[in-house]
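Engineer:
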Amino acid sequence: MDDFIDEVDEEPRLKYTRFSGVITEIFSNDFISTFEVLSNILILGSHNGYLYIIDMENDKLTKHHIHSASVTDISIDSTGEYIATASIDGNVGLCIRSNNSIVLYNYRRPVKSVAIDPNYSQSFRIVSGWLGNKDTVLHCDEGPIYEIQWHKDLIAWANDMGVKIYSTIFSQRISFIERMADSPRPDLFRCRLVWSSIDTLLIGWANYVIVVTMKFPDLNHRLPYSEISLILKLDYIVSGIAKIEDKLLVLAFIFDINALLDSEITSKPIVERPELRLINSKNEEISGDALNLDGYSNYQANDFSLRLCLKKEHIYVIGPSDGIIAKKRELKDHLSWLIKHEYYEKAIKIMKKLEAPIEGFTLRNVSLAYLEYLVKNDEYDKISSICCDIFEKDVDLWEKWILNFAESGHLQFITKCIPTDNPQLSMSIYEMVLAYHLVSNQALLLDILKIWPCEIYSMDNIIFLIEDRWEKKEETILMECLAYLYIKKGSPENALYFYLRLRSPETIDLIKKYRLFNSIEDDILLLFQLDFFSDKIECSSEKILNNKVINFLVEYSHLIPVYKVVHQLEGYHIFQYYYLRAIFVFDSHLASEFGDLQVELYAEYDRCILMEFLQTSFTYSLEKAFNICKLREYIPEQVFILGRMGDNKKALMLIIEKLNDIDQAIEFAKIQTDDDLWEDLIVYSLNNPVFISRLLENAGDVINPIELIKRIPEGLVIPCLKNSLLKILKEYELQV
1 MDDFIDEVDE EPRLKYTRFS GVITEIFSND FISTFEVLSN ILILGSHNGY LYIIDMENDK
61 LTKHHIHSAS VTDISIDSTG EYIATASIDG NVGLCIRSNN SIVLYNYRRP VKSVAIDPNY
121 SQSFRIVSGW LGNKDTVLHC DEGPIYEIQW HKDLIAWAND MGVKIYSTIF SQRISFIERM
181 ADSPRPDLFR CRLVWSSIDT LLIGWANYVI VVTMKFPDLN HRLPYSEISL ILKLDYIVSG
241 IAKIEDKLLV LAFIFDINAL LDSEITSKPI VERPELRLIN SKNEEISGDA LNLDGYSNYQ
301 ANDFSLRLCL KKEHIYVIGP SDGIIAKKRE LKDHLSWLIK HEYYEKAIKI MKKLEAPIEG
361 FTLRNVSLAY LEYLVKNDEY DKISSICCDI FEKDVDLWEK WILNFAESGH LQFITKCIPT
421 DNPQLSMSIY EMVLAYHLVS NQALLLDILK IWPCEIYSMD NIIFLIEDRW EKKEETILME
481 CLAYLYIKKG SPENALYFYL RLRSPETIDL IKKYRLFNSI EDDILLLFQL DFFSDKIECS
541 SEKILNNKVI NFLVEYSHLI PVYKVVHQLE GYHIFQYYYL RAIFVFDSHL ASEFGDLQVE
601 LYAEYDRCIL MEFLQTSFTY SLEKAFNICK LREYIPEQVF ILGRMGDNKK ALMLIIEKLN
661 DIDQAIEFAK IQTDDDLWED LIVYSLNNPV FISRLLENAG DVINPIELIK RIPEGLVIPC
721 LKNSLLKILK EYELQV
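Using the UniProt record's numbering, read the sequence shown as starting at 1 and increasing by one per residue.
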């Protein structure tokens, strides 16, 4: 913000510049009492009676000493050729610029105001706040004329009663706006009249602003009339007023009005800096800029004035010894303010939408300033979104900031936006970034390895760095990095080492794709550990073969020998079981050398298949199988094995004694077709009525029922004996 307005948090609506050139010399040597402006011409009146005419475009000064006392008012016609002045010396002066001639009209009384016809070259009319012998009286008898303003065919003036409006077309007064009842004395504060347009008169008097709207009926030559459209009571004195678009611009002179009006207070009121305040259409003050005008505390409200130059859209504020020029702020000014106050995001957003560049601003420079601001304020999380826009294809800039972020320990915030192509940075930069994240953020390291093309860095260098760190601390994520790099490098056998230890679900596919069957022979156990095996054993061969690892080993058993798999799984019986079970279903001959082991495994994990294996296989030791089943008290399996061993009597005894199953014993004896075995069964059954009953019912051709009945001990009660005998007799009759 400029140095002649107070610093505020809100962006000002206007921008300010100080006067330069010849006018600064005038401020140094004289005191300004009034001024007027037209396009590039600035006219100053001084307390020493001088009229200064300044060509601001060429910084050229014309000076006239017209009056012997203070110049009270200045008026200029629409061409800038004729300038009228009023003074307390009683003279009204007319300066003709083309020939630098001066004409004086003496009224012998102080003249406070003057207005020249905008078309003076045609009408030669001047209105002043006093009368001479040849003048036409427009108004009198209501005190001094404090202010006069002439616009087109309307003249407004202020006196003790209020403001009058006169029509030069109708040659009569058409309106009167009365002073507000609670206003200070009319002579205390100068009335400020401004025609902002043909139909709008602005009145600023003491602490009131009144907006008057003119109405022009134009029906049957009816007189124009006025309506008051706005009255504002303010807490400051109006030292100047103008209208910019739909907003009022007020030069506020701020001090304690009540202290001035209190006759008992003799000390001078404390004066604050004059302010330019903007009031919107809702009558709200939307901005206020305090002006640092030299010597402001030594002056009063009447010493300052404001003029608006519509052609240049400049606002002039001038006091006795200083002045400023205010202008509407442009986009360039808005950007400057945003950048100065570190609202970089807003500035960047605006600049991205520009169709043409603005002098003094580039998107890169503003973005770089924003980047430095974010770094200074530790807002690193916002950095990645702007780096690409800032650095674009500038390799040097990219590398400079990458190194800066690495040194400050914040490289992670821009890593993912580092370009790998167009532009491509130096290989050392990419390797530095990877090495940085090897230490600080290994998850990010893995991410960027997968994103970046491997051609932009030396894979051997990076593999060496990662392996060196992994050997010291076996971290899982480092194995992932190495596995990925070895695949990219074309060394799948090295990648397999890490795939296995990571238990990667892609391991089987890797082995198949690169036919790494020889590489896996010594790591069968790791291969099995790829999948999770539940403690609950599934007997279904379908479920076992659907397991990815098992299915793979079975499918490629011609390349990965069964014996190698089984030997590597020693000590891991559950894995051996799964594997041999699947091999048995696939091709029982492949595991023939592991018959005894299969008996042991099935006995432990899958009794459902044990009997099937015992009955269909001849690759196991009967003695070992019997001992295994005996240890586990698997009676049916023991019976089968004893039968296969030829020890039928022992097998029969197991059925009778352990199973207590006479029907199975009878069936077993029938199968063996051994008379001695039947005799053993009869002998064992003689003391068991139930057994005798079942033997009688099932004797058939094998046992002579009469002989059996004879051998039944006396007194032994046989259940259902009658039915058994009837059955025997019936069968005998059928035979006969």
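Where is the CB? At the ideal position from N, CA and C, for every residue including glycine.
Taking the beta strand (DSSP E) that His-151 falls in, what are its first and last residues?
Structural biologist: For His-151, the uninterrupted beta strand (DSSP E) run begins and ends at 147 to 151, by DSSP.
Engineer: Is it right to say Pro-12 is buried, meaning 16 or more other beta carbons lie within 10 angstroms of its own, or is it exposed?
Structural biologist: buried
Engineer: Please look up how many angstroms separate the CB atoms of Thr-62 and Thr-34, rounded, as I've assumed it's under 8 Å.
Structural biologist: Not confirmed; about 17 Å, so no contact.
Engineer: From Phe-613 to Lys-710, what does the alpha carbon distance come to, in whole angstroms?
Structural biologist: 44 Å
Engineer: For Arg-185, tell me which candidate among Trp-195, Tyr-208, Thr-168 has the shortest Cα-Cα distance.
Structural biologist: Tyr-208
Engineer: Considering just the uninterrupted stretch of the beta strand (DSSP E) at Pro-95, what are its terminal residues?
Structural biologist: According to the sequence displayed, residue 95 carries Cys and not Pro. Under the DSSP assignment, Cys-95 falls in the beta strand (DSSP E) whose first and last residues are 91 to 96.
Engineer: Measure from the alpha carbon of Leu-478 to the alpha carbon of each residue in Ile-324, Ser-101, Leu-449, then state which is nearest.
Structural biologist: Leu-449
Engineer: Would Phe-626 be called buried (16 or more neighbouring beta carbons within 10 Å of its own) or exposed?
Structural biologist: Phe-626 is buried by the Cβ-count criterion.
Engineer: Per DSSP, what are the beta-bridge partners of Lys-327 in this structure?
Structural biologist: Lys-15, His-314
Engineer: Return helix, strand or coil for Pro-678, following the three-state DSSP convention.
Structural biologist: The sequence as given places Trp at residue 678; Pro does not occur at that position. Trp-678 falls in the helix class under three-state DSSP.
Engineer: Whose C-alpha, out of Lys-60, Asn-377, Thr-168, is nearest the C-alpha of Ser-123?
Structural biologist: Thr-168
Engineer: Compute the Euclidean distance between the alpha carbons of Gly-323 and Val-317, then round it to the nearest angstrom.
Structural biologist: In a straight line, the C-alpha of Gly-323 is about 5 Å away from that of Val-317.
Engineer: I'd like the list of long-range same chain contacts for Gly-90, defined as Cβ closer than 8 Å, with 5 residues on each side in sequence excluded.
Structural biologist: Asn-106, Tyr-107, Arg-108, Arg-109, Pro-110, Val-111, Trp-130
Engineer: Using 8 Å for Cβ pairs, my map puts Glu-313 next to Lys-332. What's the rounded Cβ distance?
Structural biologist: Not confirmed; about 15 Å, so no contact.
Engineer: Which of the three DSSP states, helix, strand or coil, is assigned to Met-56?
Structural biologist: coil
Engineer: Would DSSP call Val-736 helix, strand or coil?
Structural biologist: Any reading at Val-736 is ruled out, since the residue's pLDDT is 43, under 50, leaving its predicted position unreliable.
Engineer: Would you mind reading off the limits of the alpha helix (DSSP H) that contains Trp-452?
Structural biologist: Premise fails: Trp-452 is in no alpha helix (DSSP H) and is neither H nor E.
Engineer: Based on DSSP bridge pairs, tell me the residues matched to Ser-39.
Structural biologist: For Ser-39, which the question treats as bridged, DSSP gives no partner whatsoever.
Engineer: Please work out which residues of its chain come closer than 8 Å, Cβ to Cβ, to Asn-422, disregarding the five sequence neighbours upstream and downstream, and give them in chain order.
Structural biologist: Lys-393
Engineer: By Cβ distance below 8 Å, which residues in the same chain neighbour Pro-713 in space, the five residues on each side in sequence not counted?
Structural biologist: Contacts found: Leu-686, Asn-687.
Engineer: Nearest-angstrom Cα distance between Ala-290 and Phe-253?
Structural biologist: 10 Å
Engineer: Judging by CA-CA distance, which residue of Ala-435, Ile-350, Ile-148 is the nearest neighbour of Tyr-457?
Structural biologist: Out of Ala-435, Ile-350, Ile-148, Ala-435 has the C-alpha closest to the C-alpha of Tyr-457.
Engineer: Comparing alpha-carbon positions, which option in Phe-216, Thr-79, Ser-588, Asp-647 lies nearest Ser-121?
Structural biologist: That would be Thr-79, whose Cα lies nearest to the Cα of Ser-121.
Engineer: Alpha carbons only, please: which of Asn-58, Val-163, Lys-15, Gly-93 is nearest the one belonging to Gly-45?
Structural biologist: The option with the nearest alpha carbon to Gly-45 is Gly-93.
Engineer: If the criterion is Cβ atoms closer than 8 Å, does the pair residue 763 and Leu-677 meet it?
Structural biologist: The structure shown has nothing for residue 763, since the chain only spans 1 to 736.
Engineer: Entirely within the stretch 386 to 410 and at least 3 residues each: give me those beta strand (DSSP E) ranges in chain order.
Structural biologist: Within the stretch 386 to 410, there are no complete beta strand (DSSP E) runs of at least 3 residues.
Engineer: My output table needs one value for Lys-624: the three-state DSSP class, helix, strand or coil.
Structural biologist: helix
Engineer: Quick check: the Cα distance between His-334 and Arg-277, rounded to an integer number of angstroms?
Structural biologist: 18 Å
Engineer: Report buried or exposed for Thr-476, applying the criterion of at least 16 other Cβ atoms within 10 angstroms of its Cβ.
Structural biologist: exposed
Engineer: CA-CA distance, Val-354 and Ala-483?
Structural biologist: Just to set this straight, residue 354 is Leu in the shown sequence, not Val. If you take the alpha carbons of Leu-354 and Ala-483, they lie about 49 Å apart.
Engineer: Three or more C-beta pairs under 8 Å: does that hold for the stretch 338 to 345 against the stretch 38 to 54?
Structural biologist: no
Engineer: Kindly indicate which residue of Asn-58, Ile-96, Asn-48 has the alpha-carbon position closest to the one of Gly-21.
Structural biologist: Asn-58
Engineer: Mind checking who Ile-32 pairs with in its DSSP beta bridge?
Structural biologist: Ser-46
Engineer: In terms of residues, what are the limits of the beta strand (DSSP E) holding Lys-658?
Structural biologist: From DSSP, Lys-658 is part of no beta strand (DSSP E); its letter is neither H nor E.
Engineer: Whose C-beta lies closer than 6 Å to the C-beta of Leu-397 among residues of the same chain, with five residues either side of it excluded?
Structural biologist: Phe-391
Engineer: Mind checking who Asn-106 pairs with in its DSSP beta bridge?
Structural biologist: Asn-91
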